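Residue 76 in our numbering sits at position 50 of the sequence shown, with consecutive numbering throughout.
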Amino acid sequence: MGIDWYDMIARRNGGYQGRAKYTVVGRSAEDVYEERLVEMLPTFRSVLDAGCGHGEFTLKMSRHAEQITGFDNSAEMIRISQSLLESSGIGNVEFVYATTKAELPFHDGQFDFIYDRRGPTSILEHPRILCSGGTIFGIHTDVTDVRRRLSENGYVDVTIEEFNEAVTYFPSGVEFALNLSDTPGNPDFTLPERKGELEAKIRENQIDGRLGVRELKYIWKATKA
Numbered sequence: 027m028g029i030d031w032y033d034m035i036a037r038r039n040g041g042y043q044g045r046a047k048y049t050v051v052g053r054s055a056e057d058v059y060e061e062r063l064v065e066m067l068p069t070f071r072s073v074l075d076a077g078c079g080h081g082e083f084t085l086k087m088s089r090h091a092e093q094i095t096g097f098d099n100s101a102e103m104i105r106i107s108q109s110l111l112e113s114s115g116i117g118n119v120e121f122v123y124a125t126t127k128a129e130l131p132f133h134d135g136q137f138d139f140i141y142d143r144r145g146p147t148s149i150l151e152h153p154r155i156l157c158s159g160g161t162i163f164g165i166h167t168d169v170t171d172v173r174r175r176l177s178e179n180g181y182v183d184v185t186i187e188e189f190n191e192a193v194t195y196f197p198s199g200v201e202f203a204l205n206l207s208d209t210p211g212n213p214d215f216t217l218p219e220r221k222g223e224l225e226a227k228i229r230e231n232q233i234d235g236r237l238g239v240r241e242l243k244y245i246w247k248a249t250k251a
């Protein structure tokens with residue numbers, strides 16, 4: 027997904043956040059990930075949020091951490107992050123505009139913990155910024171690239187857990203279309219010309235007679251040797 031898409035989402039939605047209304051039934055992997063992250067953060071001195079989006083989650087996690095740096099490759103997301111930071115009064119967070127497609131602007135071994143909450147899995151190709159013995163912790167909907175990059179870059183103590191029990195239900199096709207449109211890689215399903223495709227997806231996503239999508243996400247963790 028091109029950077030222009032993320033800049034557009036930042037301007038349209040006020041950040042990397044969805045517009046749809048929905049209800050989650052069951053224990054979501056996102057909740058599990060956040061709970062574990064909150065437990066882990068106090069044990070590290072310097073934390074990196076890889077793909078921090080508009081920074082709201084980074085600021086939320088700052089109360090549990092000594093120091094957090096968030097980076098994102100969307101200039102619009104970082105602009106919103108900086109604005110939120112300035113109005114928050116929080117002093118242990120900084121935001122940086124950077125991309126994993128180039129050398130990251132961080133020192134060797136600068137961080138002892140990196141978390142990747144649906145951010146770029148390519149962060150795994152920059153192991154130099156994580157200190158020896160440091161931990162990287164992520165959540166994604168597909169771990170094909172995660173497995174490959176963990177192996178290619180010499181990470182150890184790898185654990186990957188699958189979560190597929192929670193279901194997200196949408197009250198209407200309109201809300202479902204908004205959710206689809208705010209998902210990276212998707213076109214705008216709210217447009218009239220996408221009506222046929224939207225109706226097909228609505229038919230495909232029926233669970234017990236309701237419009238819903240079953241969660242499939244993976245929580246993974248590894249250590250730099």
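We put the CB at the ideal spot given by N, CA and C, even for glycine.
Predicted, not measured: the structure shown is a model, and the values here were computed from it.
Discussion item. So I162 and D134 are supposed to be a Cβ contact under 8 Å. How far apart are they, rounded?
Written reply: For the purposes of this step, residue 162 is identified with residue 136 of the sequence shown, where counting begins at 1. For the purposes of this step, residue 134 is identified with residue 108 of the sequence shown, where counting begins at 1. Not really, about 16 Å apart at Cβ, beyond 8 Å.
Worksheet item: By Cβ distance, which residues of its chain are closer than 6 Å to V51, with the 5 residues on each side in sequence left out?
Response: Sequence index remark: in the sequence shown, residue 51 carries index 25 (1-based). Excluding sequence neighbours, V51 sits near V193.
Discussion item. Mapping the DSSP letters down to three states, classify F163 as helix, strand or coil.
Written reply: The residue given as residue 163 occupies position 137 in the sequence shown. If DSSP states are grouped into helix, strand and coil, F163 belongs with the strands.
Discussion item. By the three-class DSSP mapping on this structure, what secondary structure does I46 have?
Written reply: Start at 1 with the first residue of the sequence shown, and residue 46 comes out as number 20. For the sequence presented, residue 46 should be read as Ala rather than Ile. Assigned with DSSP and collapsed to three states, A46 falls in coil, not helix or strand.
Item to complete: Determine which residues share a DSSP beta bridge with V73 and list them.
Response: Translated into positions along the sequence shown, residue 73 becomes position 47. V73 is bridged by DSSP to I94 and F139.
Worksheet entry | Residue nearest to L74 in terms of C-alpha spacing, selected from G222, F132 and I245 | By one-based count along the sequence shown, residue 74 stands at place 48. Of the listed residues, the one whose Cα sits closest to L74 is F132.
Practice prompt. Rounded to whole angstroms, what's the CA-CA distance from L150 to G159? Just pull it up for me.
Written response: Against the sequence shown, residue 150 aligns to sequence position 124. Against the sequence shown, residue 159 aligns to sequence position 133. Straight-line Cα distance between these residues: approximately 14 Å.
Worksheet item: To which residues of the same chain is A251 closer than 6 Å at the C-beta, ignoring the five residues directly before and after it?
Response: By one-based count along the sequence shown, residue 251 stands at place 225. Close CB contacts of A251 within its chain, under the 6 Å cut and outside five residues either way in sequence, are with G180 and V182 (chain order).
Discussion item. Suppose the cutoff is 8 Å on Cβ atoms and the five residues either side in sequence are ignored; what does the same chain contact list for V58 look like?
Written reply: Along the sequence shown, one-based indexing puts residue 58 at 32. Hits under 8 Å: F189 and I245.
Worksheet item: In terms of residue numbering, what span does the beta strand (DSSP E) encompassing L110 cover?
Response: Working through the sequence shown from its first residue, we reach residue 110 at position 84. Premise fails: L110 lies in the alpha helix (DSSP H), A101 to S114, not in any beta strand (DSSP E).
Item to complete: Compare the C-alpha of G77 against each of S148, E61, N118 and A91 and name the closest.
Response: Here residue 77 refers to the residue found at position 51 when the sequence shown is read from its first residue. Checked all of S148, E61, N118 and A91; the closest Cα to G77 is S148.
Discussion item. If contacts are defined as beta-carbon pairs under 8 Å, then V119 and S88 qualify, I think. What distance do you get, rounded to the angstrom?
Written reply: On the sequence shown, residue 119 is found 93 positions in, with the first residue counted as 1. On the sequence shown, residue 88 is found 62 positions in, with the first residue counted as 1. Contact between V119 and S88 holds, with the beta-carbon distance rounding to 5 Å and staying under 8 Å.
Worksheet item: To the nearest angstrom, how far is it from the Cα of F70 to the Cα of H90?
Response: Your numbering for residue 70 matches position 44 in the sequence shown. Your numbering for residue 90 matches position 64 in the sequence shown. If I take the Cα positions, the gap works out to 10 Å.
Practice prompt. Ignoring anything shorter than 4 residues or poking outside the segment 205–247, list the alpha helix (DSSP H) runs there in chain order.
Written response: Taking only runs of at least 4 residues, the alpha helix (DSSP H) segments lying wholly in the segment 205–247 are 221–230.
Discussion item. Buried or exposed for I104, going by 16 or more other Cβ atoms inside 10 Å?
Written reply: The residue given as residue 104 occupies position 78 in the sequence shown. Buried.
Practice prompt. Select from A128, V172, L130 and G115 the residue whose C-alpha is nearest the C-alpha of R143.
Written response: Along the sequence shown, read from residue 1 onward, the residue named residue 143 stands at position 117. Comparing Cα-Cα distances from R143 to each of A128, V172, L130 and G115, the minimum goes to V172.
Worksheet item: Count the other CB atoms within 10 Å of the CB of E102; is the residue buried (16 or more) or exposed (fewer)?
Response: Locating residue 102 in the sequence shown gives position 76, where the first residue counts as 1. Taking all protein chains shown into account, E102 has 16 or more neighbouring C-beta atoms within 10 Å of its C-beta and is therefore buried.
Fill in: 8 Å Cβ cutoff met for L111 and G81
For the purposes of this step, residue 111 is taken as the residue at position 85 of the sequence shown. For the purposes of this step, residue 81 is taken as the residue at position 55 of the sequence shown. Taking 8 Å as the cut-off, the Cβ atoms of L111 and G81 count as close.
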